[in-house]
Amino acid sequence: MMNQQAALSVSQVTCEYREHLLGADQFVPRFGWKLISKRRGIKQQAYQLVVSDAADFSLSLWDTGRVESDQSLHIEYAGPTLQSRTRYYYRVQVWDQEDNCSDWSSIGWWETAFLHSDEWQADWIMPMQRSTVKQSGEWPDSPPVTLLRKTVQLKGNIVSARVYATAAGLYDLHLNGERVGEELLAPGWTSYHHRHQYQTYDVTRYLHAGGNGIGIRVADGWYSGRISWEKGFRSAYGAYRAALLELHVQYADGSEEVVLTDETWKTSEGPIRYTSIYDGEIYDARLEDAGWSKYEYDDSAWENAFPIDLPYNPLIAQENWPVKVTETIRPVSVLHTPRGETVLDMGQNMVGRIRINMNLDAGTKITLYHAEVLDREGNFYTGNLRSAKQLVEYTARGKGEDNYAPAFTFMGFRYVRILGLEELADSVLIKGFTGEVMHSDMVQTGQFACSDERVNRLQQNIVWGQRGNFVDIPTDCPQRDERLGWTGDAQVFIRTAAFNYQVAPFFAKWLRDLAADQREDGSVPFTIPSILKWNQDTSAAWGDAAVICPWTQYQCYGDIRLLSEQYDSMKAWVNYIRGEGEYEYLWNTGHHFGDWLALDAKENSYVGATPLDLIATSFYAYSVDLVRNAAVVLGRTEDVKEFSDLLYQVRRAYQNEFVTPAGRLAAPMQTAHVLALMFGLVEGDTKRRTASELNRMVVQNDYHLTTGFVGTPYLCFVLSENGYHETAVKLLLQDSYPSWLYSIAQGATTIWEHWDGIKSDGTFWSDDMNSYNHYAYGAIGDWMYRYLAGLDMEDTDIAYKKIRINPRFAAGQLNYASAKLDSSYGIIESSWQEDQGHRTVRIQIPVNTEAKIILEGANLAQLMESGLSVEEVEGIFEIISTSEGVELRAGSGEYEFSYKYS
1 MMNQQAALSV
11 SQVTCEYREH
21 LLGADQFVPR
31 FGWKLISKRR
41 GIKQQAYQLV
51 VSDAADFSLS
61 LWDTGRVESD
71 QSLHIEYAGP
81 TLQSRTRYYY
91 RVQVWDQEDN
101 CSDWSSIGWW
111 ETAFLHSDEW
121 QADWIMPMQR
131 STVKQSGEWP
141 DSPPVTLLRK
151 TVQLKGNIVS
161 ARVYATAAGL
171 YDLHLNGERV
181 GEELLAPGWT
191 SYHHRHQYQT
201 YDVTRYLHAG
211 GNGIGIRVAD
221 GWYSGRISWE
231 KGFRSAYGAY
241 RAALLELHVQ
251 YADGSEEVVL
261 TDETWKTSEG
271 PIRYTSIYDG
281 EIYDARLEDA
291 GWSKYEYDDS
301 AWENAFPIDL
311 PYNPLIAQEN
321 WPVKVTETIR
331 PVSVLHTPRG
341 ETVLDMGQNM
351 VGRIRINMNL
361 DAGTKITLYH
371 AEVLDREGNF
381 YTGNLRSAKQ
391 LVEYTARGKG
401 EDNYAPAFTF
411 MGFRYVRILG
421 LEELADSVLI
431 KGFTGEVMHS
441 DMVQTGQFAC
451 SDERVNRLQQ
461 NIVWGQRGNF
471 VDIPTDCPQR
481 DERLGWTGDA
491 QVFIRTAAFN
501 YQVAPFFAKW
511 LRDLAADQRE
521 DGSVPFTIPS
531 ILKWNQDTSA
541 AWGDAAVICP
551 WTQYQCYGDI
561 RLLSEQYDSM
571 KAWVNYIRGE
581 GEYEYLWNTG
591 HHFGDWLALD
601 AKENSYVGAT
611 PLDLIATSFY
621 AYSVDLVRNA
631 AVVLGRTEDV
641 KEFSDLLYQV
651 RRAYQNEFVT
661 PAGRLAAPMQ
671 TAHVLALMFG
681 LVEGDTKRRT
691 ASELNRMVVQ
701 NDYHLTTGFV
711 GTPYLCFVLS
721 ENGYHETAVK
731 LLLQDSYPSW
741 LYSIAQGATT
751 IWEHWDGIKS
761 DGTFWSDDMN
771 SYNHYAYGAI
781 GDWMYRYLAG
791 LDMEDTDIAY
801 KKIRINPRFA
811 AGQLNYASAK
821 LDSSYGIIES
831 SWQEDQGHRT
841 VRIQIPVNTE
851 AKIILEGANL
861 AQLMESGLSV
871 EEVEGIFEII
881 STSEGVELRA
891 GSGEYEFSYK
901 YS
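Reminder that position 163 of the sequence shown reads as 163 in UniProt numbering, one-by-one numbering, no gaps.
Here it is as structure tokens:
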């Protein structure tokens with residue numbers, strides 16, 4: 001028996017990143033777990049994983065036996081063929097390097113849905129198309145939300161019941177008068193013609209013996225509603241909404257009853273008279289009938305639905321985290337603007353919806369307008385929404401309390417203008433409205449903080465920007481008539497995203513859509529899913545998401561399966577570039593966004609001054625490098641040689657084209673120098689000169705940047721990495737325009753699209769493109785975690801199996817920084833504090849990993865860990881003194897180092 005000190009336990013067992021996974025369609029699911037021990041230096045020596053279709057494990061479906069391996073991520077199921085609509089249970093035990101055995105873990109489970117598309121029996125059904133309801137003003141035409149219902153008689157002794165459902169459009173599910181589940185905006189947005197998600201619901205508790213009612217509400221959503229700013233553009237995937245549902249009920253006697261969507265379902269219209277992703281929702285509560293999904297409801301006046309010929313083969317089980325309400329926010333105040341508007345201030349630029357909860361007279365009409373900012377006079381401002389209305393019209397029922405929030409849309413806002421209740425006291429308004437924050441329900445994994453509260457606010461803004469824009473896809477903005485999955489924004493932010501939240505399923509889903517929408521020639525649309533009419537071109541740094549994102553997923557989560565899935569897409573993108581240029585090794589043709597929104601742009605231009613062919617060729621080299629790396633990982637020997645040769649040629653062509661014989665970069669822009677350094681395009685003296693010149697440009701510009709979307713994410717990285725960390729820190733802490741902290745000084749609570757979205761005199765950048773929730777410049781968070789706090793992984797490893805802790809101290813500009821990451825192995829922490837020439841560095845390393853720790857300015861003779869000389873400390877197995885400090889290698893555990901520095 002182990003002593004308590006040696007105790008080893010298994011925590012967070014997962015199947016495909018989830019402890020409990022309902023409705024999976026993987027034939028070969030993968031398992032993982034984390035380990036906990038109070039001892040230092042603990043590693044897994046072996047594991048035993050057992051899968052059973054019995055909760056008590058009375059029978060083992062698959063038992064690995066003891067496997068001598070330290071692997072605890074992505075262990076593939078290798079048992080008998082899985083069956084559809086079946087729940088499986090799993091548990092694991094492990095042995096450490098001293099052969100101590102843990103107890104069995106808690107029991108995880110996953111449940112399959114349909115493993116084959118031909119198992120679907122139901123019909124897609126749709127309502128008779130009525131004439132659309134014309135609204136006042138210029139509302140686009142769209143029918144009211146569809147109601148579909150069916151009744152069924154069930155026997156007693158129900159053991160379990162599942163609904164498998166989706167829609168061509170958006171839908172929610174109701175049983176016996178109750179809304180089922182917390183998911184919103186289902187089935188999510190995918191490239192519907194290629195990949196169309198369905199959801200699985202455990203509805204056992206909603207059903208009973210006797211008569212039961214089933215209801216579905218269906219709206220246009222992304223499928224057939226208005227999408228993009230292109231005038232009149234709607235029905236991107238189909239003209240008509242439809243629903244598909246199967247209810248499977250299992251009885252104690254082993255029998256099963258199945259209810260399917262077919263022509264026997266009835267259809268009508270409900271109180272949602274209009275709904276749109278961009279424009280909001282119109283709701284007439286006087287038309288509510290709470291019993292519409294109950295068995296006893298009289299539907300004699302309803303019409304029959306009818307089948308529609310839509311395919312089953314694109315149907316896939318839910319992949320991404322579902323969109324949910326993850327937080328509620330109360331208004332902080334009521335404002336009365338100079339124009340006399342009554343405005344709620346939520347105190348935070350958020351994405352989601354407002355819930356009304358108050359007693360109102362029948363027929364009272366409330367209109368809610370949503371906006372991100374006020375103008376400089378303090379009036380409500382909606383100019384940057386362009387054609388998106390972002391409003392809610394609600395007509396009260398007048399029978400008790402009205403409780404309503406929009407069902408099939410979302411808004412980006414901090415301020416809510418209210419019409420129709422101006423006579424109510426401010427206190428009543430504050431009590432009667434609640435903000436509900438909506439986004440994909442990712443698990444938060446990262447935390448960053450430091451001694452400068454402005455930077456802490458910046459980190460909060462980055463997180464809020466991610467939450468607001470990760471609404472099933474990585475959108476570029478959540479408020480105007482866009483909200484599209486721009487590839488460039490996603491690739492620059494993905495590494496920061498993976499610090500803040502667990503985004504593996506989120507990006508896996510999106511990348512599969514990218515591969516599905518990639519064109520035959522290998523080019524990648526600007527936005528994924530691809531729906532824009534003008535989206536027939538491609539661009540460097542945008543299309544490169546096809547390579548950068550799967551590689552980053554592999555780095556952060558060790559997901560070799562996704563890398564393998566995306567490999568053909570990655571190759572296709574590089575081969576597209578190779579065939580595009582006038583010269584094979586330069587990309588000097590085609591349309592490009594360049595260094596988008598860079599401050600060195602010409603007047604009235606969005607494109608920065610850095611030459612387009614320099615940017616394109618830089619990313620060409622970077623993508624070739626990453627594809628070569630992927631080929632190494634996947635064992636594609638011939639590809640490794642081909643892409644190694646290609647990389648050499650592209651780098652040489654870059655140097656011949658953009659570097660003078662004297663070693664000067666020909667383009668005198670910050671972004672040009674950043675890309676050359678970041679992508680390894682210059683070496684030796686040329687590299688040193690390029691870094692020095694970049695530093696000079698920043699310093700002579702009084703520590704201000706001029707970079708746009710392409711250069712900004714890497715700017716602080718290359719400064720820190722090339723000996724100019726002090727400049728990088730000063731750049732971060734700059735609070736005058738242009739800088740990250742300028743928007744903080746202006747009261748921003750999310751990341752802005754433009755460095756000067758609100759100018760110092762209170763005026764705005766152009767209405768045409770001025771989002772106040774646009775995460776791209778939030779990519780600085782990556783540097784804050786990895787360099788400022790020092791939490792990183794070794795370049796040669798993945799998923800934080802080999803950790804690198806290397807705090808880059810801030811030369812007196814900060815005296816504290818801390819980062820935590822709940823990685824695939826467990827919690828990693830790197831935090832440091834300086835006080836009067838003394839440093840304290842606190843580190844946490846998870847079980848089954850090790851870390852290289854670099855303590856700059858430390859002297860081995862004076863370096864202490866928890867009051868002991870480091871040479872006496874358990875868990876540290878290598879100590880090296882260097883000219884810069886001390887390097888250590890340590891196993892798992894918590895450490896506190898202290899030393900004086902010079």
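Every residue gets a Cβ at the ideal spot worked out from N, C-alpha and C, and that includes glycine.
Residues near residue i in its chain [Cβ-Cβ closer than 6 Å; skip 5 each side]
i	result
I227	A236 and I531
I42	D96, V847 and S892
D767	G383 and N384
L888	I853, I876 and I879
residue 910	Outside the displayed range of the chain (1 to 902) lies residue 910, so it cannot be described from this structure.
C556	A498
G446	F499, N500 and L821
F593	S539
P611	A667
A779	V492, F493, T496 and P713
Option nearest residue i by Cα separation, candidates the options
i	options	result
Y89	L391, D99, W110 and Q83	W110
S830	V841, S824 and D284	V841
R376	L888, G762 and R512	G762
R519	Q502, K509 and T538	T538
T690	A666, E401 and I780	A666
Q83	R40, K34 and P29	P29
S11	H193, P143 and S37	S37
R457	T190, A745 and L429	A745
I107	T849, E327, C15 and Y201	C15
L374	V392, L335 and I354	L335
T190	C477, I75 and P529	P529
K294	L173, T81 and G177	G177
Rounded Cβ spacing between residue i and residue j (contact assumed at less than 8 Å)
i	j	result
F470	F506	6 Å
V343	L368	Not really, about 10 Å apart at Cβ, beyond 8 Å.
L694	L675	With 8 Å as the limit, L694 and L675 do not qualify as a contact, their Cβ atoms being about 10 Å apart.
G558	L73	5 Å
Neighbour-count burial assignment, residue i, 16 or more Cβ in a 10 Å radius
i	result
Q153	exposed
residue 909	Only positions 1 to 902 of the chain appear in this structure, which leaves residue 909 out of reach.
S869	exposed
H838	exposed
N806	buried
Straight-line gap, residue i to residue j (C-alpha atoms, nearest Å)
i	j	result
L677	I277	42 Å
L244	W265	11 Å
L732	E183	38 Å
E657	S618	11 Å
N357	E341	21 Å
P338	F380	9 Å
G680	W755	28 Å
I214	M126	16 Å
N575	P314	28 Å
A598	Y742	16 Å
E721	K687	12 Å
L563	A630	7 Å
A285	K399	10 Å
A242	M128	11 Å
S333	G468	22 Å
V13	L424	52 Å
T132	T275	Confidence is the limiting factor: at T132 the pLDDT is only 48, short of 50, which leaves the residue's position unreliable, though a coordinate-based value still follows. Approximately 12 Å between the Cα atoms of the pair.
D298	R149	11 Å
Y192	C477	22 Å
Cβ-based neighbour list, residue i, same chain, cut-off 8 Å, excluding 5 preceding and 5 following
i	result
D53	L59, L61, T86, R87, Y88 and Y89
Close Cβ partners of residue i (< 7 Å) along its chain, the five nearest in sequence each way excluded
i	result
P271	Y283, D284, A285, L287 and E288
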